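Chains B and S supply the protein sequences, listed in that same order.
The opening position of the first sequence corresponds to residue 1 in the numbering used here, with each subsequent residue numbered one higher.
The opening position of the second sequence corresponds to residue 1001 in the numbering used here, with each subsequent residue numbered one higher.
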Amino acid sequence: MAREIDREQVRRLMEQRAQIVDVLPAREYGEEHLPGAINLPLRRIEAEASQVLDRSRPIVVYCADSA
Amino acid sequence: MPTEGTNTQRPRLIDVVRRDVPTCSLDERLGDVRDRAIAAGWDACVVVSQDRVVLGLLRAKELQADPQLLAERAMRPGPSTYRPFVSVEEMRRTMTERNLESSPVTTSDGKLVGLVRKQDVAAKRPPDGAG
């Protein structure tokens, strides 16, 4: 189940090998993203998430307003 | 948080925003708001709700109106707001095109971060090669 988390929780999850997903378009992802973030633009997320992401690990999703 | 990418060196509004901008509520008298702004060294004030959602803006011109007016009557309602991650370069262009002297910077849910002023945007230049 999805829930909103803060910066400190993101840091902790990153240390625990969570998958960090940036849903911005590729151009914006290229300009700036969190280290190790996977780029999965919003319009592709439904089609590709199950192929790209590991469901056994935590997943953190962010966009520009949470950067 | 640290980031990577081609754009990480460009200054953003978060680098120039003035967090010390005075704020007031809708039901404050303009005269009281003006006195408080002047005392703080400002000629502007942001009108906010109890949880700091931006409702309006009082610039120098609005602050000179009838001091008995309530902020709600004198303010410019619903000003355009910008996010902290917007580049200074983009904001400089926007301010020129729209003839803006200042604009509120807010979170995605409209809560005030601070005020960005034209002179602060003009003064902040990107590192060499990053413009």
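Each residue gets a CB set at the ideal place from its N, CA and C atoms; glycine is no exception.
All of these numbers come straight from a predicted model, not from anything done at the bench.
- The count of Cβ pairs closer than 8 Å, one atom from the stretch 48-56 of chain B and one from the stretch 1082-1102 of chain S, stays below three, leaving the stretches out of contact.
- For a Cβ distance threshold of 8 Å, residue set Arg-1083 and Phe-1085 of chain S lies close to B/Ala-64, ordered along the chain.
- In the DSSP assignment, S/Thr-1094 falls within the unbroken alpha helix (DSSP H) covering 1088-1098.
- If you ignore the 5 residues before and after S/Arg-1076, its C-beta comes within less than 8 Å of the C-beta of Gly-1056, Leu-1057, Leu-1058, Arg-1059 and Glu-1062, all in its own chain and listed in chain order.
- Residue environment for S/Ala-1074: buried (at least 16 other C-beta atoms within 10 angstroms of its C-beta).
- Contact between the stretch 1065-1073 of chain S and the stretch 1003-1019 of chain S is absent, with fewer than three C-beta pairs closer than 8 Å.
- For S/Ala-1122, the closest C-alpha among the options S/Ser-1108, S/Leu-1013 and S/Val-1053 is that of S/Leu-1013.
- A Cβ of chain B is located within less than 8 Å of the beta carbon of S/Glu-1004.
- A straight-line Cα-Cα distance of about 17 Å links B/Arg-7 and S/Val-1113.
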